[in-house]
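Each remark here refers to the structure printed beneath this line.
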Amino acid sequence: MITQNQSHDVIIVGSGYGGMLPAYQLTQAGFKVLLIERGKAWQRNMFRHSWSTEYLGDLFDISLSTSMKDIYRGSKIFGGGSVMNDKIHHRTPSEAFDFIDPDIKKRAWPSDVNRKILNPFYTQLEELLSIHQIAWEDVSRIGGNFARMFNDAGLTCDRNNFNVGSGCVHCGFCEAGCQFPAGKLNLVSEVFHLALDTGNLEVVLETSVKSVAPLRGGGYQVNCIQSDKSFDTPATSTYFAPKVILAAGPIGTVPLLFRSKSKLPKLSPALGKWISNNGDMNFILKTPDSYPDHLGYRSATSTGVMTYAFWDEYRITMHPGMAPIPVFAGVDARREGKLSWGLEHKHFVKDNVINRLIPINAMGVVPAEITMEIDHRGYPKIHHPRTKALQAHAKTLHRLMKGVCQTVGGELLITGIHGELFDMGGNHIIGGARMSEQKSTGVVNPSGEVFDYPGLYVSDASAIPGSLGINPAHTIGANAMRIGHELVKNEGGHLNE
Ligand SMILES: Cc1cc2nc3c(=O)[nH]c(=O)nc-3n(C[C@H](O)[C@H](O)[C@H](O)COP(=O)(O)OP(=O)(O)OC[C@H]3O[C@@H](n4cnc5c(N)ncnc54)[C@H](O)[C@@H]3O)c2cc1C
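Numbers given in our numbering equal positions in the sequence shown, counted from 1, plus 365.
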């Protein structure tokens with residue numbers, strides 16, 4: 366039996382940065398909001414210190430590229446990525462917004478969306494999540510050794526901005542969910558109750574939106590299934606509202622729009638195009654012999670520092686990331702010219718993995734050349750071509766990091782397979798329903814509203830037009846707040862700013 370529900374001004378799909386923040390703004394402004402989230406609400410004591418795939422499979426939505434080389438991770442719990450990400454929140458440098466998309470030969474971002482426009486929303490998000498630059502004494506030794514390599518090479522490196530509270534015990538399991546009160550400050554702990562306290566928010570959990578359809582007299586019908594069912598089963602509940610905001614993340618929103626295509630025939634042909642992995646490339650550094658050992662297994666702030674040393678010339682940033690052991694379990698890390706298996710490799714890893722190796726996540730402003738479609742059951746199929754631009758980005762990164770290692774006496778370990786230099790990370794996927802000034806080059810207009818479908822919005826990472834070259838959550842959140850802000854204003858509502 367299908368249950369039908371209608372009493373909301375706005376339905377929001379997904380409770381991550383793109384969904385929870387507009388939910389907060391709209392409820393504060395007096396709108397009745399229904400938030401539909403596929404995942405469960407996890408209490409802090411449900412999170413475990415575990416990297417087992419079985420456990421992580423409960424937190425992450427995982428898709429493989431069709432070549433099977435790349436793994437894309439979204440989140441599938443209440444609060445989205447804010448609950449299981451590494452908590453790095455940096456404003457995107459202004460130059461990234463001016464990136465000229467080689468396909469359309471003009472700025473990928475709409476002309477009136479830029480760093481200056483986002484600045485007030487960055488500030489609001491910084492206040493909401495208490496984002497601040499950590500102190501040097503809170504940087505772990507693994508982060509300190511990374512910063513020292515850059516310093517010794519005559520390059521700059523500084524501390525990250527984190528949404529971390531006084532309850533952080535430096536356990537290092539941020540990506541497995543934070544168990545500690547006032548540890549990682551996420552959208553559930555800091556923002557959800559502000560929306561709930563207004564009395565204007567209703568939440569439906571463990572419910573996945575299968576499709577969206579326009580109603581004849583205006584507004585939209587949102588068709589849902591229970592999250593333990595697959596998208597090729599019929600909808601079991603429907604909700605109706607004049608306005609709907611899609612914020613299910615790129616591997617949620619883009620397939621959702623594809624599944625809705627028969628009911629939304631005027632969707633832009635740009636759907637599923639101009640997707641980027643944010644220029645992510647992962648590799649490993651071995652510290653110079655003269656450096657002190659670090660403890661690379663347990664350290665909350667293994668991601669504690671960031672370098673912009675290569676930004677001005679190459680639009681590249683990088684930070685140490687996560688503990689080396691799960692990285693070695695997940696990618697084919699090896700010394701150049703050597704095997705990623707065998708006795709020699711085994712001894713090298715055993716001797717160095719805990720105290721001498723630093724996994725790195727580098728990001729860059731590269732063209733958005735990934736595409737997505739859906740399979741016959743409605744799940745994402747992602748194609749990640751190894752284009753010339755991507756290969757050039759990898760070569761530049763390789764040259765720069767070889768240079769750093771040669772100068773200070775460290776070593777660069779590569780991670781790519783099938784002749785590639787680096788593993789191309791899939792944690793920062795953006796685009797696929799990007800915002801643009803024209804329907805031919807984007808799915809939503811600069812206000813986040815889907816072209817030809819008034820009242821239907823996309824406010825998550827899929828609306829971001831191009832790679833940012835820096836960790837994206839802060840910009841996804843700020844842009845979602847910009848979209849929420851405009852929506853409230855256009856509807857004659859008032860925001861507490
Ligand atoms: C391991 C890891 C570490 C990361 N670390 C950082 C970091 O330190 N800094 C940073 O800037 N970025 C980081 N990121 C990336 C960042 O978390 C994401 O870019 C960000 O969360 C995307 O925001 P979003 O709102 O688009 O989607 P999400 O935050 O993923 O939210 C989408 C929500 O929609 C829900 N959903 C999906 N499909 C449906 C559906 N059909 N129906 C209903 N609900 C649905 C999901 O369950 C989820 O809760 C990390 C990512 C990963 C995987």
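Beta carbons: idealized from backbone N, C-alpha and C, even for Gly.
Following the DSSP letters along the chain, one finds residue 591 in no alpha helix (DSSP H) but inside the beta strand (DSSP E) bounded by residues 585-591. If the five residues before and after residue 388 are omitted, its C-beta is found closer than 7 angstroms to the C-beta atoms of 377, 398, 400, 560, 566, all from its own chain and listed in chain order. Taking a 10 Å sphere around the C-beta of residue 800, we find 16 or more other C-beta atoms and assign the residue as buried. Runs of the beta strand (DSSP E) spanning 3 or more residues and lying entirely within the region 698-760 occur at 722-729, 736-739, 745-748, in chain order.
Bounds of the alpha helix (DSSP H) holding residue 848 are 838-855.
Excluding five sequence positions before and after residue 778, the CB atoms of its chain that fall closer than 8 angstroms to its own CB belong to 648, 649, 650, 651, 698, 699, 700, 701, 722, given in chain order. Contact annotation: residue 614 and residue 826 have beta-carbon atoms nearer than 7 angstroms.
Two segments are said to touch when three or more pairs of C-beta atoms, one from each, lie closer than 8 angstroms; by this definition the region 409-418 does not touch the region 624-643. Distance from the CA atom of residue 685 to the CA atom of residue 791, rounded to whole angstroms, is 16 angstroms. Beta-bridge analysis with DSSP links residue 436 to 429. Taking the Cα of residue 588 as reference, the smallest distance to any Cα among 513, 602, 607, 570 is reached at 602. Residue side-chain check: residue 380 places its Cβ nearer than 6 angstroms to a non-hydrogen atom of ligand 1.
Close CB contacts of residue 436 within its chain, under the 7 angstroms cut and outside five residues either way in sequence, are with 427, 429, 791 (chain order). In its chain, beyond the 5 residues on either side, 637, 638, 748 have a beta carbon closer than 6 angstroms to the beta carbon of residue 736. DSSP places residue 606 in the strand class (E or B) of the three-state scheme. Residues 378, 574, 575, 576, 577, 611, 613 of the same chain have their beta carbon placed closer than 8 angstroms to that of residue 621, with the five preceding and five following residues left out of the count.
Secondary structure note for residue 616: its alpha helix (DSSP H) is the uninterrupted segment 615-624. 7 angstroms or more divides the Cβ of residue 386 from the Cβ of residue 375. Residue side-chain check: residue 441 places its Cβ nearer than 6 angstroms to a non-hydrogen atom of ligand 1.
Burial check for residue 531: the Cβ neighbour count within 10 Å stays below 16, so the residue is exposed.
Annotation for residue 451 indicates a beta carbon within 6 angstroms of some heavy atom of ligand 1. Judged by DSSP in its simplified three-state form, residue 526 adopts strand. If you look at residue 572, you'll find it in the beta strand (DSSP E) that goes 572-579. If you ignore the 5 residues before and after residue 782, its C-beta comes within less than 7 angstroms of the C-beta of 434, 697, all in its own chain and listed in chain order. With a threshold of 6 angstroms, the Cβ atom of residue 540 counts as near ligand 1, since some heavy atom of the ligand is closer than that. Assigned with DSSP and collapsed to three states, residue 649 falls in strand. Sequence-distant Cβ neighbours of residue 545 in its own chain, meaning closer than 6 angstroms and more than five residues away, are 532, 534.
Straight through space, the alpha carbons of residue 458 and residue 518 are spaced by roughly 23 angstroms. For residue 482, there is no enclosing beta strand (DSSP E); the residue is part of the alpha helix (DSSP H) that begins and ends at 480-493.
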